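**Q** Mapping of the sequence shown onto my numbering: residues -19 to 213, in sequence order. Glycine included, C-beta positions come from ideal geometry on N, C-alpha and C. Computed from a prediction, not measured in an experiment: that's the story for all the values here. My questions all concern the structure below.
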Amino acid sequence: MIAFLLQITPAPVDTTAAAAAETATTESVTLWDLALAGGWAMFPLLALSLVAIYIFVERYLTIKKASKNPTEFTGRLKSLVLAGDIQGARMLCAQTNSPISRMLEKGISRIGQPLKSIEASIENVGKIEISRLEKNLSALATVAGAAPMLGFLGTVTGMIGAFIAIAQAEGSISPKLLSGGIYEAMVTTAAGLIIGLPAYVGYNFLVSKIDSIVHDMEYSSIEFIDLLQEPQV
């Protein structure tokens, strides 16, 4: 029995397969490798991503600054206007750097004129302030729509390159030959979506912030017009 067991030899180990598995686990694809695999489409996509980041950060800081409206500003302004201190009210608006203060300052400078003229002047300044807040937002929306489309264009060109390689190949087609174009196609699609989705979310986030400021501007202008119609004591 012991002699029989000694005659049994272990099965040979496939060292080639083990080495290949070990090499596959140790190799890793870096972000730079993915960018290079994307081909020509990655360069305009990189430019679009930089534009989107710049516009979002710049607009966010501007809108955040414009949304600051001291709570005591409205009360102090109302007291000055009711007291007839027009010059003091204008100085208070000049010292408060916000769209609401600039809009109300124009209305204060028109006190004494017909109410329709005051309303028109406030509305005109309000439109100018809204236009300043919305500056470059259309470019951010363009990036949100153009980046995925550019990624899809890279996908199409990558697939065309893959089929051209298949058509020009002689004999058997290797998986490596076919995977090159598909690799490029998938990378550009992913890059376009990675850029386009945050740009789209950022655009809608900034628009919601601007809508909130516009609501405050409308409310303040209505309060100011009502203040001018209050009977003087």
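#1: Whose CA, out of Gly182, Ser200, Val194, Glu198, lies closest to the CA of isoleucine 35?
#2: By alpha-carbon positions, which one of Phe23, Tyr199, Ser47 ends up nearest to leucine 113?
#3: Checking the sheet assignment: what are the DSSP bridge partners for tyrosine 91?
#4: Does the beta-carbon of lysine 86 have 16 or more other beta-carbons within 10 angstroms, so that it is buried, or is it exposed?
#5: Return the chain-ordered ranges of every alpha helix (DSSP H) run that is complete within the segment 32 to 71 and spans a minimum of 4 residues.
#6: So, is alanine 142 buried or exposed, given that buried needs 16 or more other C-beta atoms within 10 angstroms?
#7: With H, G and I counted as helix, E and B as strand and the rest as coil, what does DSSP make of asparagine 184?
#8: According to DSSP, is threonine 76 helix, strand or coil?
#9: Select from Ile110, Gly64, Ala74 the residue whose C-alpha is nearest the C-alpha of aspartate 191.
#10: Assuming leucine 95 contacts leucine 26 (C-beta within less than 8 Å), just tell me the rounded distance between them.
#11: Could you spell out the range, first to last residue, of the alpha helix (DSSP H) harbouring alanine 126?
#12: If you compare alpha carbons, which of Ala170, Lys115, Ile162, Ile80 is closest to aspartate 196?
#13: Using only alpha-carbon positions, find the residue among Lys107, Gln67, Ile33, Phe23 that is nearest to serine 201.
#14: Can you give me the Cβ contacts of alanine 121 inside the same chain, cut-off strictly under 6 Å, excluding the 5 residues immediately before and after it?
#15: By a C-beta neighbour count over all protein chains shown, 10 Å radius and 16 as the cutoff for buried, is leucine 84 buried or exposed?
#16: Serine 89 to glycine 68, Cα distance in whole Å?
#17: Below 8 Å, how does it come out for the segment 120 to 134 and the segment 96 to 103: are there three or more Cβ pairs, yes or no?
#18: With DSSP collapsed to three states, give me the class of leucine 207.
#19: Counting only the same chain and skipping the five closest in sequence on each side, list residues whose C-beta sits under 8 Å from that of methionine 129.
#20: Pop quiz: alanine 127 and leucine 28 are said to be a contact at Cβ under 8 Å. What is the actual Cβ separation, rounded to whole angstroms?
#21: Can you tell me the Cα-Cα spacing of tryptophan 20 and phenylalanine 185, whole angstroms?
**A** According to the structure shown:
#1: For isoleucine 35, the closest C-alpha among the options Gly182, Ser200, Val194, Glu198 is that of Gly182.
#2: Closest by C-alpha distance to leucine 113, out of Phe23, Tyr199, Ser47, is Ser47.
#3: According to the sequence provided, residue 91 is isoleucine. The question's tyrosine does not apply to it. Isoleucine 91 pairs with Gln93.
#4: Per the 10 Å Cβ criterion, buried.
#5: List check, alpha helix (DSSP H) in window: 51 to 62.
#6: Note on alanine 142: 16 or more other CB atoms within 10 angstroms of its CB, so buried under the neighbour-count rule.
#7: In this structure, asparagine 184 counts as helix in the three-state DSSP scheme.
#8: In the structure shown, threonine 76 adopts coil according to DSSP, grouped into three states.
#9: When Ile110, Gly64, Ala74 are compared, the shortest CA-CA separation from aspartate 191 is found for Ile110.
#10: Wrong, their Cβ atoms sit about 55 Å apart, outside the cutoff.
#11: Segment 117 to 148, the alpha helix (DSSP H) holding alanine 126.
#12: Ranking Ala170, Lys115, Ile162, Ile80 by Cα distance to aspartate 196 puts Ile80 first.
#13: With distances taken between Cα atoms, serine 201 lies closest to Lys107.
#14: Cβ within range, chain order: Tyr183.
#15: The residue is buried, with at least 16 neighbouring Cβ atoms inside 10 Å.
#16: If I take the Cα positions, the gap works out to 11 Å.
#17: Taking a contact to require three or more Cβ pairs closer than 8 Å, the segment 120 to 134 and the segment 96 to 103 do not qualify as touching.
#18: Correct three-state label for leucine 207: helix.
#19: For methionine 129, where only same-chain residues beyond five positions count, the Cβ hits under 8 Å are Gly172.
#20: Contact holds; Cβ gap of about 5 Å.
#21: So the alpha carbons of these two residues sit roughly 31 Å apart.
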